[in-house]
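**Student:** Here you go, one structure.
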Amino acid sequence: MFGPPRNFLGLPPDLSDYATARAAILPVPYDATTSYRGGARDGARAIVDASLQLELYDADLDREPAGVGIHTLDELEPDYRSPELMVARVREATGTLLDDGKFPLLLGGEHSLTVGAVAACRARWPALGVLQLDAHADLRDEYHGTPYSHACAMRRVVALGCPLTAVGIRSLSAEEAAFRRGAAGITTIAAAEVARVRYNVEARDALWDRVVAGLPDVIYITVDLDVFDPSLMAATGTPEPGGLDWWEVTGLLRRACAGRRVVGADIVELAPGEGPEACAFAAAKLAYTLLGYAIPATPPVGATGE
Ligand SMILES: [Mn+2]
Numbered sequence: 006m007f008g009p010p011r012n013f014l015g016l017p018p019d020l021s022d023y024a025t026a027r028a029a030i031l032p033v034p035y036d037a038t039t040s041y042r043g044g045a046r047d048g049a050r051a052i053v054d055a056s057l058q059l060e061l062y063d064a065d066l067d068r069e070p071a072g073v074g075i076h077t078l079d080e081l082e083p084d085y086r087s088p089e090l091m092v093a094r095v096r097e098a099t100g101t102l103l104d105d106g107k108f109p110l111l112l113g114g115e116h117s118l119t120v121g122a123v124a125a126c127r128a129r130w131p132a133l134g135v136l137q138l139d140a141h142a143d144l145r146d147e148y149h150g151t152p153y154s155h156a157c158a159m160r161r162v163v164a165l166g167c168p169l170t171a172v173g174i175r176s177l178s179a180e181e182a183a184f185r186r187g188a189a190g191i192t193t194i195a196a197a198e199v200a201r202v203r204y205n206v207e208a209r210d211a212l213w214d215r216v217v218a219g220l221p222d223v224i225y226i227t228v229d230l231d232v233f234d235p236s237l238m239a240a241t242g243t244p245e246p247g248g249l250d251w252w253e254v255t256g257l258l259r260r261a262c263a264g265r266r267v268v269g270a271d272i273v274e275l276a277p278g279e280g281p282e283a284c285a286f287a288a289a290k291l292a293y294t295l296l297g298y299a300i301p302a303t304p305p306v307g308a309t310g311e
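Numbering (the working numbering), first residue to last: 6 to 311.
Take a look at the structure:
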């Protein structure tokens, strides 16, 4: 074969074999319910391609997070019969990874896929909470005739019984705002609240400390890339002005992972055709950064086989 292996980061077999890898990348090329600009089905492939350009060394962590082993699975075949069936397929695939002791990182694909991954985790960790980074609340009960639309993803997560902490939100409907007010277990940090502390590092760190203090011990993290400002991340289906920057997102993720059990994560909604190549690279770097934060260099005692 010419060039590096076509897996996430282009890792050699000793760092990418399934049997020994702690993390498993699950690429899901699916976008059936996106409403504005399509193309998220190409996101996972673009992220894996861009990841070949990443440095394995993480300067912040002063180590190579890839050392824990990262396996890249074949793309999950989409089920276009219905979004509900696709969510069920993701749930099954994620469950297999969890039962094999892997940390699943789903690369979307559209945001509805999150529901399947969260359902698999929640079935194994009933006290699971979800940290959502997103421009949109995604709390609609139904959208374009289906409760499994990308615009309903977090409503389904709440229905599963997971407490939800949503950060970066700056777009929602009146119905979603009313639901959010009345529902227990939803915490929101609007993008405007983050913007107010943008140029004050101490205030920002204090905000993140407050956010993570409210998280349960076991969490799933979902990153809709439109949480970023479109100046950094134009390549999404539904870009929204007023988003977060790189340091805000990674600072929050690092704090959220510290001292907490992160059992799975996803990065969704990259539509590579809608923006410059730099977006896929930023998404790949975020995926690797998140793996570094979420998976400690040494496994915690009793981490496998629960
Ligand atoms: Mn979303």
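Just so you know, even glycine gets a beta-carbon here, dropped at the ideal spot from N, CA and C. Note that the structure is predicted; figures quoted are calculated from it, not measured.
1) Is DSSP giving residue 271 helix, strand or coil here?
2) Put residue 18 into one of helix, strand or coil per three-state DSSP.
3) Tell me which same chain residues have a C-beta within less than 6 angstroms of the C-beta of residue 311, skipping the five on either side of it?
4) What are the boundary residues of the beta strand (DSSP E) that residue 108 is part of?
5) Looking at the structure shown, is residue 57 part of a helix, part of a strand, or coil, going by DSSP?
6) Which ranges does the beta strand (DSSP E) cover as unbroken runs of at least 3 residues, wholly within the stretch 43-103, from first to last along the chain?
7) Report the CB separation of residue 231 from residue 140 in whole angstroms; it is logged as a contact under 8 angstroms.
8) Ligand 1 and residue 274: does any heavy atom of the ligand fall closer than 7 angstroms to the residue's C-beta?
9) I want to check one thing, is the minimum distance from the CB of residue 116 to the heavy atoms of ligand 1 below 7 angstroms?
10) With the cut-off set at 8 angstroms, would you say residue 246 and residue 134 are in Cβ contact?
11) Helix, strand or coil for residue 277, going by three-state DSSP, please let me know.
12) Inspect the beta-carbon positions of residue 102 and residue 71 and report whether they are closer than 8 angstroms.
13) Using the three-state DSSP reduction, which class does residue 229 fall into: helix, strand or coil?
14) Report the partner residues of residue 236 according to the DSSP bridge assignment.
15) In terms of DSSP beta bridges, what is residue 141 paired with?
16) Under the three-state reduction of DSSP, which class applies to residue 291: helix, strand or coil?
17) Suppose you measure from the CA of residue 23 to the CA of residue 157; what does that come to, to the nearest Å?
**Tutor:** Working from what's here:
1) strand
2) helix
3) Confidence is the limiting factor: at residue 311 the pLDDT is only 42, short of 50, which leaves the residue's position unreliable and the question unanswerable from this model.
4) 108-112
5) coil
6) 75-77
7) 4 angstroms
8) yes
9) yes
10) no
11) helix
12) no
13) strand
14) None, per the DSSP bridge assignment.
15) 176
16) helix
17) 33 angstroms
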